[in-house]
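K.L.:
The structure follows.
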């Protein structure tokens, strides 16, 4: 559901057993609806009570039903079941006949309004009036060598219409002439093939595939349509009873599946059925803050005033003035959240977002994409629902910061292949031209191949990978195929460690990563992993928890798509989410309740092949000692039933080394004080678990890191200024396992 207190409520007076054929709202707040067997009804109090009103009549028919209604100014336009067009003005209850329509069958004709002009789309023609029905012009007919018509829309300075045969035509001269713009698969005699405009996109809806364009039809791209109900073959069949465009939201009814909503113009959908007992929704209308649903046999339902939509854009604020000026590009995948309601959204390719909040009660906040950025403004108060809630993000210039991540695709097993992903992320604000990663290869591992091959040099037990230029927020990837020695002992640890080197990196703490896992004989092929604990200090400081979800195709046929859903337990903060790495190209979408869907499309994962996604998210800093953070995910291969992963548990507790001093190793350093060099002696027991040695100054800044660890290490300290320093020995999970202090004198 969109929010826990948002519920669709029934307003059923006089409508039980009837189908709501049409419903519309006037600017005055007046609602009018038409039923199949019980006439025309109106309401002036947001649907709480309804009054029956006269139906249109003609020389032949009495009590004509209405199959289509639309509001233009204070005039209600309607198409009757006899294919005539009627109007009702203001608060009048009288109907005036304007003209005849010519439907393929009763109820097929419908209205569209663009630039204050009214269009009627019929099976065999499209007509338009620019003077409120005083005169009509025919834009297209089948005699122009078009097949039957499905819809019309205006986008930019162009008109578009669709045909039953899956064709899109475009006019750049207000309908005087038309050119074929796009074709798509459209089987059968009667197709949906409807058009709509939302969020800077022209949308083309059809049953089996839907598309969008942002460049006036020069290029059409497919919509994801993720989350919608599927048929017995696992296919999305999209033929809604009605589509409502409300700000940057799109809401639709799907027969027997209720009401559905998309915040990103059709790429991902979620149900809006909380409290809706009859899922046979048909018609939709919006009046003020309320959404009204006309159902089949169960009357009218209202989604109340809690449903308020706020929208805006997020952009790169180059000049730091809080306004989107010419040349300032949009930012995608930026999370916007409503507090304290707990509603979430993320920006699309155009930098746009929409979410639900409570007017006057919430504030909107934008999540910063890295540590070297600031938002202007940092938050916005939700005064009135609507658009214009924009955020500028300014990036501090001159910051170089690269981050290293290592991930094994499956557990290590004796005699089996495995894959290692090495990911370098530019989390700073400056482009880098080159750098390298040194990987220490354990003796029980042999390298089979790398992708890419170029830029990789293996010398003894070290693999060095040279990566090229990286722009801010870009990633470089190295895929290493390995073989675990058949004689590897079950229960032993295999450790991969890597260190990243690049000029002028201002944060060395994320330049090291390590994999340390036990050799196993068997394993769960679809699992989830995270740190077993987090300290109260790390929790309060906002240190994130990393989650890795691994998957394997255990079937007998390739999987074209893998979808992973993580619902993020209540103690996790969706606004802090960041994707770290993945085995294959991956897109993600955040639902309004904070749940995240990862989609790995066009994967063609063969039987036995594996993959992973890795992300981080922070937890509630107010959690108490010994509280546990639970998290579970589900993995869907194509359209099979979800596979539920294990539930990972992260406990708020102190490190064992802090709780038990006997487990904490004290490092011997000499000479102390030192001038030129420092010898460090590491106890043999510590060598089994250590992966990184750091030198830290009094302010906490990391000055040196060393991954080549032995029992005796000599460090050069001649370039360090006089002062006190700390040596920290870290384990595989970056936990402290040893420490020492020394003084430099000059």
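Numbering (our numbering), first residue to last: 4 to 749. Beta carbons are placed, not taken as given, at the ideal position from N, Cα and C, and that holds for glycine. Computed from a prediction, not measured in an experiment: that's the story for all the values here.
1. Could you check the C-alpha separation between residue 437 and residue 233 for me, to the nearest Å?
2. Could you check the C-alpha separation between residue 95 and residue 113 for me, to the nearest Å?
3. Check whether the Cβ atoms of residue 575 and residue 634 sit closer than 8 Å, and answer yes or no.
4. When the Cβ atoms of the segment 205 to 222 are set against those of the segment 157 to 170, are three or more pairs found closer than 8 Å?
5. In whole angstroms, give me the CA-to-CA distance for residue 664 and residue 733.
6. For residue 108, count the other beta carbons within 10 Å of its own beta carbon; 16 or more makes it buried, fewer makes it exposed. Which is it?
7. Just to confirm my understanding: we take residue 358, look at its own chain, exclude 5 residues before and 5 after, and list those with CB closer than 8 Å. What are they?
8. Given this structure, state the Cα-to-Cα distance separating residue 538 from residue 621, to the nearest angstrom.
9. For residue 178, which residues from the same chain have a beta carbon less than 6 Å from its beta carbon, with the 5 sequence-adjacent residues on both sides left out?
10. Could you name the residues of the same chain whose beta carbon sits closer than 6 Å to that of residue 240, not counting the 5 residues immediately before and after it, in chain order?
11. Out of 637, 272, 123, 253, which one is the CA nearest neighbour of residue 204?
12. Taking the alpha carbon of residue 25 as the reference point, which residue from 195, 173, 288, 269 has its own alpha carbon closest?
13. Here's a check: name, in chain order, each residue in its chain whose Cβ is nearer than 7 Å to the Cβ of residue 737, leaving out the five neighbours to either side.
14. So, for residue 375: in the same chain, excluding its five sequence neighbours on each side, which residues have a beta-carbon less than 8 Å away from its beta-carbon?
15. For the segment 713 to 728 and the segment 644 to 654, state whether three or more C-beta atom pairs, one from each stretch, are separated by less than 8 Å.
16. For residue 539, name the three-state secondary structure that DSSP assigns.
17. Rounded to the nearest angstrom, what separates residue 362 and residue 524 at their Cα positions?
18. Using only alpha-carbon positions, find the residue among 85, 406, 91 that is nearest to residue 79.
19. Among 448, 372, 513, which one has its Cα closest to the Cα of residue 407?
20. How many angstroms separate the CA atom of residue 580 from the CA atom of residue 619?
21. For residue 119, write down the residues that DSSP places opposite it in a beta bridge.
22. Determine the extent of the beta strand (DSSP E) in which residue 577 is found, giving its start and end residues.
23. Starting from the C-beta of residue 260, find all residues in its chain whose C-beta is less than 7 Å away, skip the five residues before and the five after it, and write them out in chain order.
24. Residue 689 by DSSP, collapsed to three states: which one?
25. Can you tell which of 271, 693, 84, 56 has its C-alpha closest to the C-alpha of residue 710?
26. Could you tell me the alpha carbon to alpha carbon distance between residue 569 and residue 249, rounded to whole angstroms?
27. In or out: residue 536 buried (at least 16 other Cβ within 10 Å) or exposed?
28. May I have a chain-ordered list of the beta strand (DSSP E) segments no shorter than 3 residues that lie completely inside the segment 310 to 381?
29. Does the segment 294 to 302 come close enough to the segment 269 to 283 to have 3 or more Cβ pairs within less than 8 Å?
30. Taking all protein chains shown into account, do 16 or more other C-beta atoms lie within 10 angstroms of the C-beta of residue 659, making it buried, or fewer, making it exposed?
31. Starting from the C-beta of residue 623, find all residues in its chain whose C-beta is less than 6 Å away, skip the five residues before and the five after it, and write them out in chain order.
32. Among 459, 46, 717, whose alpha-carbon lies nearest the alpha-carbon of residue 290?
33. Distance check for residue 44 and residue 228, CA to CA, integer angstroms please.
34. For the beta strand (DSSP E) that contains residue 593, what are its first and last residues?
35. With DSSP run on the structure shown, which of helix, strand or coil describes residue 609?
36. For residue 601, I'd like the list of residues in its chain whose CB is within less than 6 Å of its CB, leaving aside the five on either flank, ordered along the chain.
P.N.:
Short version:
1. 47 Å
2. 23 Å
3. yes
4. yes
5. Because residue 664 carries a pLDDT of 37, less than 50, the predicted location of this residue cannot be relied on, and no value is offered for it.
6. Caution applies to residue 108, whose pLDDT of 41 falls short of 50 and renders its modelled position unreliable; the value that the coordinates give is listed next. Exposed.
7. 266, 312, 313, 314, 339, 340, 341, 346, 347, 348, 367, 595
8. 13 Å
9. 142, 162
10. 210, 234
11. 253
12. 288
13. none
14. 398, 399, 402, 404, 431, 432
15. no
16. helix
17. 57 Å
18. 91
19. 513
20. 6 Å
21. Paired residue(s): none; residue 119 is not in a bridge.
22. 575 to 585
23. 232, 282
24. helix
25. 693
26. 28 Å
27. buried
28. 311 to 319, 338 to 342, 346 to 349, 355 to 360, 366 to 369, 376 to 379
29. yes
30. Bear in mind that the predicted position of residue 659 carries a pLDDT of just 47, short of 50, making it unreliable; the figure below should be weighed with that in mind. Classification of residue 659: exposed, given that the 10 Å Cβ count is below 16.
31. 574
32. 46
33. 35 Å
34. 590 to 593
35. coil
36. 567, 589, 591, 616
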